[in-house]
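Please read the structure below before turning to the comments.
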Amino acid sequence: MFVSKPCSLGIHNVLDQGMRIETEVGAKKKRIRDPRRTQQHIIECAIDEFTERGFDGARIDAIAEQSQTNKSLIYKYFTSKDELYIASLSHTYERLRASQHEIDLDENDPVNSMRKLVESTFNTFANNPQIVRMMTHENVQNARFLKQALSIKLLYTPLLEKLSNVIKIGQEQGLFRENVDLKHLYVSISALGYFYFSNTHTLSIVLDEDFQSSKHIVNQREQAVDMVLSYLQNRDIPNLTSIRIES
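Anchor point for the sequence shown: position 170 equals 174 in the numbering used here, and the numbering is continuous, going up by one each time.
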């Protein structure tokens with residue numbers, strides 16, 4: 005049992021209203037007895053620590069202090085720092101995929117479906133900076149831990165299947181171009197959001213604009229939608245994979 009302290013995931017608290025961990029009710033503090041909620045709370049605080057300091061800089065002592073637990077309890081649920089990091093990484097990807105899973109991709113309206121997918125993916129990166137940071141840290145480590153989290157790959161299968169159906173309908177209706185590589189398409193959709201929010205600070209300096217402002221974020225989201233739809237809609241765009249570069 006422990007007295008919890010709220011930990012964040014980006015702008016929004018990821019705990020459901022019914023599972024929210026309260027820190028104080030008047031002068032009293034609520035004790036958490038549910039192991040599942042305790043474990044979840046530790047993960048939330050671990051994500052705070054890992055996104056702030058990376059894997060190497062993060063300390064279990066700091067996570068214990070932030071979650072108001074202790075190292076013994078943390079190691080009861082997670083046998084090592086590696087295991088806690090993998091759990092935190094998995095939770096991060098699950099949150100990204102959950103936002104995409106909630107989208108109603110209407111196969112009868114493929115253009116609007118693609119618009120919603122691009123907007124939702126962009127908004128998820130905008131509203132959850134910790135997702136961006138966790139991905140950045142993991143890329144710096146050459147996906148060292150992601151390789152061990154095999155369940156994360158399974159998160160993408162349903163999305164790619166839905167995306168494939170939408171693209172196929174769009175092609176049959178003459179709305180989308182042929183020869184669309186689904187995986188490259190998804191990479192582009194993700195990149196249009198991830199790159200922007202992983203580089204807002206540096207881009208704001210070198211281009212002398214406040215790219216963290218609402219105005220620029222909204223404009224960038226619309227441009228992301230326009231770029232994806234311009235590529236998909238039936239236009240004479242060369243297949244770049246077939247272009248030979250002379251040495």
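Every residue gets a Cβ at the ideal spot worked out from N, C-alpha and C, and that includes glycine.
Owing to the predicted nature of the structure, the values given are computational and were not obtained by experimental measurement.
**E106: first and last residue of the uninterrupted alpha helix (DSSP H) it sits in** = Looking at the DSSP string, E106 is not in any alpha helix (DSSP H), and its letter there is neither H nor E.
**Check whether G197 and T125 have beta carbons under 8 Å apart** = Closer than 8 Å, so yes.
**Request:** To the nearest angstrom, report how far apart G82 and P133 are at their CA atoms.
**Result:** It should be pointed out that residue 82 corresponds to Phe in this sequence rather than to Gly. Approximately 25 Å between the Cα atoms of the pair.
**Prompt:** Residue range of the alpha helix (DSSP H) that E3 falls in?
**Reply:** Because residue 3 is not part of the residues shown, which for the chain are 5 to 251, the question remains open.
**Message:** Using C-beta distances below 7 Å, list every residue in its chain close to D108, excluding the 5 sequence neighbours before and after it, in chain order.
**Reply:** If we look at D108 and ignore the five residues flanking it on each side, it has no Cβ neighbours.
**Message:** Am I right that E48 and L93 are in contact with their C-beta atoms under 8 Å? What's the rounded C-beta distance?
**Reply:** Not a contact, Cβ separation roughly 13 Å.
**Request:** Going by DSSP, name the residue or residues bridged to Q224.
**Result:** DSSP output for Q224 lists no bridge partner at all.
**Prompt:** According to the Cβ coordinates, are F180 and I171 closer than 8 Å?
**Reply:** In contact: F180 and I171 (Cβ atoms closer than 8 Å).
**Prompt:** If I64 sits next to T96, beta carbons under 8 Å apart, how far is it from one beta carbon to the other, in whole angstroms?
**Reply:** About 19 Å; that fails the 8 Å criterion.
**Message:** For D60, report the span of its alpha helix (DSSP H) as first-last.
**Reply:** Run containing D60: 39 to 61, per the alpha helix (DSSP H) assignment.
**Item:** Integer Cβ distance of F201 from A147, believed to fall under 8 Å
**Value:** Contact flag wrong, Cβ pair sits at about 20 Å.
**Asked** Exposed or buried, which one is E53 when buried takes at least 16 other CB atoms within 10 Å?
**Response** By the neighbour-count criterion, in which a residue is buried when 16 or more other Cβ atoms sit within 10 angstroms of its Cβ, E53 is buried.
**Prompt:** Going straight from the alpha carbon of L88 to that of T161, what length do you get?
**Reply:** Taking the straight line joining both Cα atoms gives about 25 Å.
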